[in-house]
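Undergrad: Numbering (the working numbering), first residue to last: 9 to 273. In this text, a Cβ means the ideal position worked out from N, Cα and C, and glycines have one as well.
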């Protein structure tokens, strides 16, 4: 069930994708120019900003913490409604320079420390009230994005963990097959490869344990997603129950989302 991903032509950013054309289990597909996901928007050129404006971008949902936002504010046009919607009070996925520096001592000595930190971050995405509130607000904004040819973009720093889970929730609600959802999640490894390679190269002189830990922070991993899904299964009966009981997504809202984002064409 492999599907081609729609990459956006962004020159000064990475991991920019349109979720359009993904097929649902009932034979429909997601409309193009409606849902975009990406890494941060801080370094977009004027050409990139205009490109997104012309593409139809009207909602920018920022999952980053306030410290991330202040260091690297989004560059968007005046036509775009910006929504600060932090999943964490601080960046638990350790994508920022400050967090990387403070953790280097641990990561140079303890095997799998980066991997374990990522599992904790995904646990917090699923279980903390702040994260649930952010993803509920995400769905509220998705429901407001009901005009044709107007797009909503959601992002964090690298566009892989907080953004990745946002995509998992949304694609599940839209009825996309789980194999395609996993494919979309794992695709971040392809589109963050250059950034990840640079981060690993920066610590190459600090030993293999450090390199492995940094790699764990800057990749997506099937184990991270499976950990989140298992937590939802163990605590709430599965992801669909989680969407209903924890994110308060009701049947009418699911129906409305499908009307807004799906097409038979």
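1) Just curious, the beta strand (DSSP E) that residue 46 is in, first and last residue?
2) So residue 38 and residue 255 are in contact, right, with Cβ under 8 Å, and what is the actual spacing, rounded?
3) Whose CA, out of 168, 240 and 223, lies closest to the CA of residue 199?
4) Quick test of the definition: if touching needs 3 or more C-beta pairs under 8 Å, does the segment 42 to 58 touch the segment 11 to 23?
5) Can you list, in chain order, the residues of its chain whose CB lies under 7 Å from that of residue 143, leaving out five sequence neighbours each side?
6) Closest to residue 156 by C-alpha separation, out of 34, 31, 25 and 41, would be which residue?
7) Looking only at its own chain, which residues have a Cβ that is under 8 Å from the Cβ of residue 190, when we skip the five neighbours before and after it?
8) Name the residue from 62, 82, 116 and 160 whose alpha carbon lies nearest to the alpha carbon of residue 215.
9) Can you pull the DSSP bridge partners for residue 69?
10) Taking all protein chains shown into account, decide if residue 34 is buried (16 or more other Cβ within 10 angstroms of its Cβ) or exposed.
11) Going by DSSP, name the residue or residues bridged to residue 184.
12) According to DSSP, which residues form a beta bridge with residue 38?
13) Mind checking residue 263: buried by the 16 CB within 10 Å criterion, or exposed?
14) May I have the straight-line CA-CA distance separating residue 271 from residue 154, to the nearest angstrom?
15) Is the beta carbon of residue 247 sitting closer than 7 Å to the one on residue 171?
16) Can you tell me whether residue 76 is buried or exposed, with buried defined as 16 or more other CB within 10 angstroms of its CB?
17) If you check the beta carbons only, do residue 13 and residue 159 fall under 7 Å apart?
TA: On the basis of the supplied data:
1) That run of the beta strand (DSSP E) goes 43 to 46.
2) The beta-carbon separation of residue 38 and residue 255, rounded to 19 Å, does not stay under the 8 Å limit for a contact.
3) Checked all of 168, 240 and 223; the closest Cα to residue 199 is 168.
4) Enough Cβ pairs lie closer than 8 Å, so yes.
5) Counting only Cβ-Cβ distances below 7 Å, and skipping sequence neighbours, we find 174, 177 and 255.
6) Of the listed residues, the one whose Cα sits closest to residue 156 is 41.
7) 230 and 233.
8) Distances from the alpha-carbon of residue 215 to those of 62, 82, 116 and 160 put 116 closest.
9) Secondary-structure assignment with DSSP links residue 69 through a beta bridge to 91 and 162.
10) It is exposed - the Cβ of residue 34 has fewer than 16 other Cβ atoms within 10 Å.
11) Looking at the DSSP assignment, residue 184 forms a beta bridge with 32.
12) Paired residues: 270.
13) Using a 10 angstroms sphere on the CB of residue 263, the tally of other CB atoms stays under 16, which defines it as exposed.
14) Between the alpha carbons of residue 271 and residue 154 lies a distance of about 13 Å.
15) No, these two residues do not count as a Cβ contact at 7 Å.
16) Buried, by the Cβ-count rule.
17) In this structure, residue 159 does not lie closer than 7 Å to residue 13 by Cβ.
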